[in-house]
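4 protein chains.
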Amino acid sequence: MLSFTCDYNEGAHPAILQALMETNLEQEPGYGDDRFSGEARERIRAAAGCPAADVFLLVGGTQTNATVIDAMLRGYEGVVAPETGHVAVHEAGAIEFGGHKVLTVPSHAGKMDAGELRAFLERFHGDEARDHMVRPGMVYLSWPTEYGTLYTKQELTDIKAVCTAYRLPLFLDGARLGYGLASPAADLDLPDIARLADVFYIGGTKVGALCGEAVVFPKGDAPAHFFTTVKQHGALLAKGRLPGVQFATLFKDDLYLEISRNAIDRAMELKALFEAKGYPLAIDSPTNQQFPILTEARMAQLRPHVAFEVWERLPDGRAVTRFATSWATTPQQIAALAALL
Amino acid sequence: MLSFTCDYNEGAHPAILQALMETNLEQEPGYGDDRFSGEARERIRAAAGCPAADVFLLVGGTQTNATVIDAMLRGYEGVVAPETGHVAVHEAGAIEFGGHKVLTVPSHAGKMDAGELRAFLERFHGDEARDHMVRPGMVYLSWPTEYGTLYTKQELTDIKAVCTAYRLPLFLDGARLGYGLASPAADLDLPDIARLADVFYIGGTKVGALCGEAVVFPKGDAPAHFFTTVKQHGALLAKGRLPGVQFATLFKDDLYLEISRNAIDRAMELKALFEAKGYPLAIDSPTNQQFPILTEARMAQLRPHVAFEVWERLPDGRAVTRFATSWATTPQQIAALAALL
Amino acid sequence: MLSFTCDYNEGAHPAILQALMETNLEQEPGYGDDRFSGEARERIRAAAGCPAADVFLLVGGTQTNATVIDAMLRGYEGVVAPETGHVAVHEAGAIEFGGHKVLTVPSHAGKMDAGELRAFLERFHGDEARDHMVRPGMVYLSWPTEYGTLYTKQELTDIKAVCTAYRLPLFLDGARLGYGLASPAADLDLPDIARLADVFYIGGTKVGALCGEAVVFPKGDAPAHFFTTVKQHGALLAKGRLPGVQFATLFKDDLYLEISRNAIDRAMELKALFEAKGYPLAIDSPTNQQFPILTEARMAQLRPHVAFEVWERLPDGRAVTRFATSWATTPQQIAALAALL
Amino acid sequence: MLSFTCDYNEGAHPAILQALMETNLEQEPGYGDDRFSGEARERIRAAAGCPAADVFLLVGGTQTNATVIDAMLRGYEGVVAPETGHVAVHEAGAIEFGGHKVLTVPSHAGKMDAGELRAFLERFHGDEARDHMVRPGMVYLSWPTEYGTLYTKQELTDIKAVCTAYRLPLFLDGARLGYGLASPAADLDLPDIARLADVFYIGGTKVGALCGEAVVFPKGDAPAHFFTTVKQHGALLAKGRLPGVQFATLFKDDLYLEISRNAIDRAMELKALFEAKGYPLAIDSPTNQQFPILTEARMAQLRPHVAFEVWERLPDGRAVTRFATSWATTPQQIAALAALL
């Protein structure tokens, strides 16, 4: 059966499996001291234009968000996120497990607004009553967002200015970073991200790897003993070569961007398909997640043949659904869906 | 250069890579709902002789220990472990991060003693002052231990009897379980483990997999919503197929035991080699870790050619070293070391 | 200067100081095993009509909320509260420090709605995606609320029915319980509270004591080793006699209700006063907190003579203010304020 | 019945109750902004010779230890304490609840040794394996210790030098500080403590107050937003006047030292009494806790008339017992005990 439920339905890009095969019996130290992890770090620094960056390869998204946030906050601080942000909703309490509240600002199709962020932060200044509240300690956003949308360079610049004014680091969750960078709607590139964010991560799990996220501190100012914090938070792999080989492969010859482009091409076909067939799109997403609104009858008809996610039930009985493409989605799969619609 | 530093110097057993290749583009759901994880769970239930078991596939050892312990303890409880237990020493505070103290009993070459455990637990009964202390909530041991030693069936039975008397679950850390089961010194098998432990895990990372540990609740009584707890603790993989394919492979046709036997065969050769060359062994280990005592001169001579761990410096200038074999160690590597000695 | 900023501007009711004096040199054990704490527990059981109740005397409100919530939740659970609930806003992250998210439902002048609560909880049933979210583990509300309002007996009964349907305990924060019970608007009494809540606390700090909150588990089903949890959470006093003497005094001859009535009488005078002078009340509060809307000019005029809290700035330049009375407020103080207005 | 079980068997010193009475109806703000807390802070700064100090008044010992330690450590750090230290044994897991391991060094009648501390810390330097362990982040000791013993000025100076060498703050738990300062064996005073410790607290609960501990950061370098951390950890009193009035009283006219001297005088009489009667003392304690070794027969004879603690059972059937004096112990009580012996 055809599946568009998410961008991690398949294994890894073949080049990754190939590299795992070829290096399999080389003896290398554990915990990220292997030569593959070293290569991965170097290539990421080069691709992001930040030669002094600290780069760490962690297991997956939840672990990465929880680890970075806990490492950068003091105990009395919380992380500010859009109310639809992944850390605000879908991390199973991993942020709170580290003792931190997620403080929310309004979400506009997944994005926070710099002005609203400023207003939120401003309230903590010169107001003693706020000493009884969790203080904002960093700002979190995802790019692309959980709704497939992208902040423009200007929007990120404005948010960064607010962060700077309030001395808060900006953390960019790039679980689907490739699908943002490869989007025609993106007006920034990886070095821009590295310049605007104080810390960000490059998603591997959803962009061609079996697992792994690369955390980047562009200025080389990772929190002290971050390695130990990573281990404490369950985000360290003994065989550091596993993410090492994968990211070394993804960042060789622009593979990361190239395979991301496939997802975007397929998603734009999907978008055109839904529009052509008269299905309204709940969100105008320029990335690999598309959100057509389907009737119950249409969903019932599709279900035996294609898997997708119901995102939200509408009062009129219809539903916002999610169809995701990935590095692995083929034109054939889009054609098969077209035939079904 | 030759390396005996640990049992995770290589990638994965070739059969695993082969299986990853073959299944790579099959679309399967995430988070453990894939068919490979289902197969892995079934095969593990069969191998352990506990058809009703709950089985979960987690990322790595630290995450697994932290998750299981936190899921099974109440907030005011701690875990009892030998003072050399992995959770007592080398988890970077992951247990305490979950709010729990590690309560220690003496270690005898890595093992706790049932009588000493009973004496420790007994002190908490009928003594009000203990209400100001962390209460024992479960018992943790590793099999094999961090020193390569093995509890006998009788020893485990005695410890289990103490646990039952004090109504504490027994948690067996099997990060190197295969290397215990394959040891000629083992007088118990996997079904015995499943009968004696309330929860245990089957190590993958150190026994042929790229990553992954299989947590087994033999009686099918996993804590409620354990899935959510696993995610919260950073031990869940989005691509559950990664550990799924690996454990499905390891538990097909007894591969897990078979590759473990290679490690033991090589370790026994190593042991014989050190003994033949006149190097005393600090611990009489029947598993894949061997602990020869070397002089500084000998270590200096070996270092350019072979990597190993210094375990402990002795007052006389010599050192207890650790040489570990694995599923991947070859007779050629042993021969090369023999030539160096 | 006159102060109406809160209900803890003074020390303790004179009868409490008297009792502390009279018992001062009696030697009694610590940590709640003193005879005064015993008396307090017995009198509270009698007053609440729950002879089998477990009663614990804790230090203050934040500690009490954090301790009760953490003791009753599992690690993967959160507490459901109105979005204006004290635990959702003003506990400095004490709930998150224990690892738990505060899940919010809409607030209507401080109160949750049974129907909205049911709708919120319903969403967690039969939806696998919810396994990635913090699960509701208990329901929290305050009586009176942070806005001075009171749930009716019917409203609490409806909420309790929802809790029962979803098997969640109901926790009632009674930091100002006396001021609710003494309100003419209250249609329930302490035994009703004890029947409807699974756990609640009787506020001492804001109702005549120097410190102390009495936690009541009406059915006698306090979590195991709750004493140890209380200590672990910083809510235990070595000199348990301090809250013991205070609650024994407050629950002798109905003193708790009697002194609460004074606060309500004064608050109703305050309410009448504001209404008579033409100041609109932002909330129709039947308890000891009143929320008149004042112009900036009026506030500027009052400030040199009387202290009060600014609750919320309105877009038109006016402000919602809070004037609180207490057991200690005198008719003279109301008269003085009247003269100023 | 006579009781020597602990130093918190009575209420408060009469001067404290008197002050609470006299100030009872003065309206003052909450949370430490009252004038009494201000006076207390000023007097403590003066008594400790550190005019720039930050002083905070917290509820009790467990809360204070947990709050200070958690505020000063990063998540990956633990606190180093003697293995008999209060935080290592008797805080019900409050330190671990904050996510931190207690790292222990040997105890010599309650005291750590500077050389052993240095050796312990040294092991973390230049050893990569240590990155998998909890790192030392501060050093904790109590003065007097849990065994009534006192570090000399030289011993504290040596420990401080080790802390400085390893850039770790030194935290001195002064739950019984007065009983140390008033001991004839003490060769240092409060300004010495303030000079040697980076943070310490002055115990109130055990030295004449109903509750309360005064945390002092002598150099005025309290962690940012320490107030919020105190609230988050359940160590803040809404009626800050309660510890305020008490510490303002204790630090007026040297009352704190004066009443401590009574405890020491009585303890020395106790010590002389036991020695005269031929009871060996398990520890040579110069402070208010004495540890006579009694036979079972003698304990059985005393029990109907006098309460005391059994500290440790000896193999020969005898027991180390603890008899504590306090500010409230009278010569009559000593005489009564003498008559019983």
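Protein chains in written order, with our numbering: chain A, 1 to 341; chain B, 1001 to 1341; chain C, 2001 to 2341; chain D, 3001 to 3341.
Note that beta-carbon positions come from the ideal geometry of N, C-alpha and C, so glycine has one too.
Values in this document were obtained by computation on a predicted structure and should not be read as measured data.
- Query: Taking the DSSP output, what are the residues bridged to C/Pro2136?
  - Reply: Taking the first residue of the third sequence as position 1, residue 2136 of chain C is located at position 136. C/Pro2136 pairs with C/Gly2078.
- What span of residues does the alpha helix (DSSP H) with A/Phe313 cover, start to end? On the first sequence, residue 313 of chain A is found 313 positions in, with the first residue counted as 1. What sits at residue 313 of chain A in the sequence shown is Arg, not Phe. If you look at A/Arg313, you'll find it isn't in any alpha helix (DSSP H); it sits in the beta strand (DSSP E) that goes 309-313.
- Message: Once DSSP output is grouped into helix, strand and coil, what is the label at B/Glu1213?
- Response: Position 213 of the second sequence holds residue 1213 of chain B. In the three-state reduction of the DSSP assignment, B/Glu1213 falls in the strand class, which pools E and B.
- Item | Closer than 8 Å to chain B by CB, D/Ala3092 | As a first step, residue 3092 of chain D must be located in the fourth sequence, where it is residue number 92. Judged by the 8 Å Cβ criterion, D/Ala3092 is in contact with chain B.
- Please name the residues in the region 2210-2234 of chain C whose beta-carbon is closer than 7 Å to at least one beta-carbon of chain D, in chain order. Leu2210, Cys2211, Thr2228, Lys2231, Gln2232, His2233, Gly2234
- Below-8 Å beta-carbon distance, A/Gln63 vs any chain B residue: Residue 63 of chain A sits at position 63 when you count from the first residue of the first sequence. Yes, A/Gln63 lies at the interface with chain B (some Cβ there is under 8 Å from its Cβ).
- Task: Could you run through the region 2131-2144 of chain C and flag, in chain order, every residue whose CB is less than 7 Å away from some CB of chain B?
- Result: Asp2131, His2132, Arg2135
- Message: Counting only C-beta atoms, is C/Glu2096 closer than 8 Å to chain A at any point?
- Response: Taking the first residue of the third sequence as position 1, residue 2096 of chain C is located at position 96. At least one C-beta of chain A is nearer than 8 Å to the C-beta of C/Glu2096.
- Look up A/Ile202 in the DSSP assignment and give the residues it is bridged to. Indexing the first sequence from 1 puts residue 202 of chain A at position 202. Note: A/Ile202 sits in a beta bridge opposite A/Gly174, A/Ala214.
- Task: Ignore the nearest five residues each way along the sequence and tell me which others in D/Leu3020's own chain have a CB closer than 7 Å to its CB.
- Result: One-based indexing of the fourth sequence puts residue 3020 of chain D at position 20. Excluding residues within five positions, the ones whose Cβ falls inside 7 Å are Val3245.
- Message: Using the three-state DSSP reduction, which class does C/Pro2243 fall into: helix, strand or coil?
- Response: Position 243 of the third sequence holds residue 2243 of chain C. DSSP places C/Pro2243 in helix when its eight states are reduced to three.
- Item | Contact list for the region 1055-1089 of chain B against chain D, Cβ threshold 9 Å | Thr1062, Gly1075, Tyr1076, Glu1077, Gly1078, Val1089
- Task: Give a yes or no on whether the C-beta atoms belonging to D/Val2976 and D/Val3230 are separated by under 8 Å.
- Result: Here chain D covers residues 3001 to 3341 and nothing more, so residue 2976 of chain D does not appear.
- How many Å lie between C/Thr2205 and D/Gln3027 at the Cα? Looking up residue 2205 of chain C in the third sequence gives position 205. Looking up residue 3027 of chain D in the fourth sequence gives position 27. For C/Thr2205 and D/Gln3027, the distance between alpha carbons rounds to 15 Å.
- Within-8 Å CB hit, B/Gly1203 to chain D: Reading the second sequence from its first residue, position 203 is the one you call residue 1203 of chain B. It does not: the Cβ of B/Gly1203 has no partner Cβ on chain D nearer than 8 Å.
- Message: If contacts are defined as beta-carbon pairs under 8 Å, then B/Tyr1147 and B/Ile1283 qualify, I think. What distance do you get, rounded to the angstrom?
- Response: Here residue 1147 of chain B is taken as the residue at index 147 of the second sequence, counted from 1. Here residue 1283 of chain B is taken as the residue at index 283 of the second sequence, counted from 1. That belief holds up - the Cβ atoms of B/Tyr1147 and B/Ile1283 are roughly 5 Å apart, short of 8 Å.
- Item | Under 8 Å from the C-beta of C/Lys2239: neighbouring residues of chain D | Taking the first residue of the third sequence as 1, we reach residue 2239 of chain C at position 239. Ordered by position in chain D, the residues that pass the 8 Å Cβ test against C/Lys2239 are Tyr3008, Gly3011, Thr3205, Leu3210, Cys3211.
- Simplified DSSP assignment, three categories, for D/Ser3142: On the fourth sequence, position 142 is the one that residue 3142 of chain D refers to. D/Ser3142 falls in the strand class under three-state DSSP.
- Does the Cβ-Cβ distance between B/Phe1097 and A/Gln232 come in under 8 Å? Numbered from 1 along the second sequence, position 97 holds the residue referred to as residue 1097 of chain B. Numbered from 1 along the first sequence, position 232 holds the residue referred to as residue 232 of chain A. Their beta carbons are under 8 Å apart, which means B/Phe1097 touches A/Gln232 by this criterion.
- Message: At the level of alpha carbons, what is the spacing between C/Asp2034 and C/Thr2084?
- Response: Counting from 1 along the third sequence, the entry for residue 2034 of chain C is found at position 34. Counting from 1 along the third sequence, the entry for residue 2084 of chain C is found at position 84. Roughly 38 Å between the two C-alpha positions.
- Query: Run through DSSP, which three-state label would D/Pro3346 get?
  - Reply: Any answer about residue 3346 of chain D is impossible in this case: the structure gives chain D only from 3001 up to 3341.
- Message: In the DSSP output, what is B/Ser1003 paired with across the bridge?
- Response: Residue 1003 of chain B sits at position 3 when you count from the first residue of the second sequence. In DSSP, B/Ser1003 forms a bridge with B/Ala1307.
- Message: List, in chain order, every chain C residue whose beta-carbon is nearer than 8 Å to that of A/His100.
- Response: What you label residue 100 of chain A is simply residue 100 of the first sequence in a count that begins at 1. Neighbours of A/His100 on chain C, chain order: Gly2093, Glu2096.
- Query: Which residue or residues does DSSP assign as beta-bridge partners of A/Pro292?
  - Reply: As a first step, residue 292 of chain A is located in the first sequence; it is residue number 292 there, counting from the start. Paired residue(s): A/Leu281.
- Neighbour-count burial assignment, A/Asp173, 16 or more Cβ in a 10 Å radius: One-based indexing of the first sequence puts residue 173 of chain A at position 173. So A/Asp173 counts as buried.
- Hey, out of D/Glu3010, D/Ala3336, D/Val3139, D/Met3268, whose CA is closest to D/Ser3285's CA? Taking the first residue of the fourth sequence as position 1, residue 3285 of chain D is located at position 285. The shortest C-alpha separation from D/Ser3285 is found at D/Met3268.
- Smallest Cα separation from A/Asp54: which of A/Ala336, A/Ala214, A/Glu10? Within the first sequence, the letter at position 54 stands for residue 54 of chain A. Ranking the options by Cα distance to A/Asp54, first place goes to A/Ala214.
- Task: Indicate the three-state DSSP secondary structure (helix, strand or coil) for C/Asp2054 in the structure shown.
- Result: To locate residue 2054 of chain C, count along the third sequence from 1; it is residue 54. Reduced to three states, the DSSP call for C/Asp2054 is strand.
- Contacts of B/Asn1288 in chain A (Cβ-Cβ under 9 Å): Your numbering for residue 1288 of chain B matches position 288 in the second sequence. Under the 9 Å cutoff, chain A gives no residues; its nearest Cβ is about 15 Å from B/Asn1288.
- Message: Between the alpha carbons of C/Tyr2166 and C/Leu2121, how many angstroms are there, rounded?
- Response: Residue 2166 of chain C sits at position 166 when you count from the first residue of the third sequence. Residue 2121 of chain C sits at position 121 when you count from the first residue of the third sequence. Spanning the two alpha carbons is a distance of roughly 7 Å.
- Roughly how many angstroms lie between the CA atoms of C/Ala2338 and C/Pro2223, to the nearest whole one? Sequence index remark: in the third sequence, residue 2338 of chain C carries index 338 (1-based). Sequence index remark: in the third sequence, residue 2223 of chain C carries index 223 (1-based). Going from the Cα of C/Ala2338 to the Cα of C/Pro2223 covers about 49 Å.
- Message: Counting only beta-carbon separations shorter than 8 Å, does C/Met2021 have a partner in chain D?
- Response: Locating residue 2021 of chain C in the third sequence gives position 21, counting from the first residue. So, interface residue.
- Message: Please list, in chain order, the residues of the region 2028-2053 of chain C that have any C-beta partner in chain D closer than 8 Å.
- Response: Glu2028, Pro2029, Gly2030
- Nearest-angstrom Cβ-Cβ length linking B/Asp1070 and C/Gly2075, presumed shorter than 8 Å: For this step, residue 1070 of chain B is matched to residue 70 along the second sequence. For this step, residue 2075 of chain C is matched to residue 75 along the third sequence. Rounded, the Cβ-Cβ distance is 6 Å, consistent with contact.
- Query: Excluding five sequence neighbours on each side, which residues of the same chain lie with their C-beta closer than 7 Å to the C-beta of A/Pro191?
  - Reply: Translated into positions along the first sequence, residue 191 of chain A becomes position 191. Hits under 7 Å: Ala48, Gly49.
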